[in-house]
Each structure stands twice: as C-alpha cells, then as structure tokens.
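Chemist:
Residue numbers (the numbering used here): 62 to 270.
Below, the structure is given as structure tokens:
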C-alpha cells in the first residue's frame, strides 16, 4: 500500500490578547455603550478579564431582560470604536508567518463575534484560512477538531480547556489575564512569555514529531 500523506499542519490561534491587543478598542466600545444607555460599565475592569463570551460580561452590568439587546448594540458600536486602536501583540505576525513557512494553515478560533473578528484580522493584516467566532472552552475544541488543528495558542484558561478537549498541544502565552505559573498549573503543555518565542518553539516541536 502507498504511504499515507501526513495531515497538513494546522495551528489554531485565539484572537484577543493572543494575536491582538484589543483592550483599547474594547474599553472604548464599552464606554460608548455606557454613555448611550446610561448604564454604568467599569470598562477598565472589563479589559482585565477578556476571554469568556460577551454576554457573560454584559450580564454583570445590564439586567437579564436587557442583556441580549445590549450585546447586539455593543457589537454594532464595536465597528466604530475598536479597530483603529488595536495592534498586533509582540511576535504575532512572525508567529503566523512561522506556520506558513512550514506549509501550515491558520485557524483563528475566538470567543469574539465572528464578523468583527474577521474585520480585526483584516485591519491587522493577518490572513487566516479559517475564522470561527462565538466559541468558548470546549466549543473551541470542537472547532479545533473540525479544522484538524494539532496546536492551539491562547492566553486564557478556557483556551487550555479547548486545546485539551481537542487533543491539541496547548500553547499558552502570558499576555492575557494569567501569569505563566497559573497557565502551567491549568495544564498548558507550553508556556511562552509572548509570541516572540513561538517560531523557535514551533521549529523544535515539528522536528520532534
């Protein structure tokens, strides 16, 4: 029988605080939502705990019966306030290029509203082969499996859960709300200070498998 060709490399990346520093835009959007609705939102607190679904955060500030409407309005306001101040995190562009250099695919799997995630990537000049939004923890794992991703890179404990549930290598970067020790304790296979160390790690990893 002919040898079976190995599956192409696919690496999944989270978006917020993994590839992009979205805190200034998220802060500005919550401030705009607060001003428009008259509902107090501590935007500085919000940006310290990015990761879980938008509705989870919205429910901290809006009554249950108003949460869905407030979330939809946030997504609309986001387009006016969030893209301009957002920049790639250190090493993000080089990390994506490192995957490309190995003939790999990029799958951005994020909790962010998918149309806004796509616009963020376009604004940042990051080309992805797949973008899947509105996912969290185990549901990220489902998308990783569906895309054949063997590695998932994220900054949150929920990203580690997603990687684990997909039997993918969990690469954590300490650019979000958790430090390196917390990420290790949560089960990350690899912990990097930021994405600047990812290309070298990827070279070593692929050479060993």
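Quick reminder that beta carbons are idealized off the backbone N, C-alpha and C, glycines included. Here the structure is a predicted model, which means the values were calculated and not measured.
Would you identify the three-state DSSP class for residue 112, choosing helix, strand or coil?
Modeler: coil
Chemist: What residues in its chain sit with their C-beta under 7 Å from that of residue 142, if we drop five residues either side in the sequence?
Modeler: Within the same chain, 86, 89, 90 and 93 come within 7 Å of residue 142 by CB-CB distance, once the 5 residues on both sides are set aside.
Chemist: If you count every other CB in all the chains shown that lies within 10 Å of the CB of residue 223, and 16 or more means buried, which is it?
Modeler: buried
Chemist: Can you give me the C-alpha to C-alpha distance between residue 234 and residue 206, rounded to a whole angstrom?
Modeler: 21 Å
Chemist: Please work out which residues of its chain come closer than 7 Å, Cβ to Cβ, to residue 164, disregarding the five sequence neighbours upstream and downstream, and give them in chain order.
Modeler: 69 and 70
Chemist: Could you tell me the alpha carbon to alpha carbon distance between residue 255 and residue 218, rounded to whole angstroms?
Modeler: 15 Å
Chemist: Nearest CA to the CA of residue 228: which residue from 202, 198 and 139?
Modeler: 202
Chemist: State the DSSP-derived secondary structure class of residue 238, mapped to helix, strand or coil.
Modeler: If DSSP states are grouped into helix, strand and coil, residue 238 belongs with coil.
Chemist: What do you reckon, are the CB atoms on residue 242 and residue 78 nearer than 8 Å?
Modeler: no
Chemist: Check the C-beta distance from residue 248 over to residue 231 and give it rounded, since I have them as a contact under 8 Å.
Modeler: 7 Å
Chemist: What's the gap between the Cα of residue 196 and the Cα of residue 166?
Modeler: Looking at the two C-alpha atoms, the distance is approximately 19 Å.
Chemist: Measuring CB to CB, does residue 123 end up less than 8 Å from residue 100?
Modeler: yes
Chemist: Give me, in chain order, the residues of the same chain whose beta-carbon lies closer than 8 Å to that of residue 147; leave out the 5 immediate sequence neighbours on both sides.
Modeler: 81, 82, 83, 85, 86, 181, 184 and 185
Chemist: Check for me: the alpha helix (DSSP H) holding residue 74 runs from which residue to which?
Modeler: Here residue 74 belongs to no alpha helix (DSSP H); instead the beta strand (DSSP E) covers 71-74.
Chemist: Restricting to Cα atoms, I'd like to know which of 118, 153 and 177 is closest to residue 137.
Modeler: 177
Chemist: Taking the alpha-carbon positions, what's the residue 117 to residue 111 distance?
Modeler: Between residue 117 and residue 111, the C-alpha separation is close to 10 Å.
Chemist: Beta carbon of residue 175, beta carbon of residue 187: below 8 Å?
Modeler: no
Chemist: Whole angstroms are fine: how far does the CA of residue 170 sit from the CA of residue 238?
Modeler: 18 Å
Chemist: When you compare each of 156, 199 and 208 to residue 220 by their alpha carbons, which one comes out closest?
Modeler: 199
Chemist: Going by beta carbon distance, what residues of the same chain come within less than 6 Å of residue 74, once the five residues before and after it are set aside?
Modeler: Cβ contact annotation for residue 74 (same chain, cutoff 6 Å, sequence separation greater than five): 80, 169 and 214, in chain order.
Chemist: Can residue 119 and residue 104 be called in contact, C-beta distance under 8 Å?
Modeler: At least 8 Å separates the beta-carbon of residue 119 from that of residue 104.
Chemist: Consult DSSP for residue 166 and reduce its assignment to one of helix, strand or coil.
Modeler: Correct three-state label for residue 166: strand.
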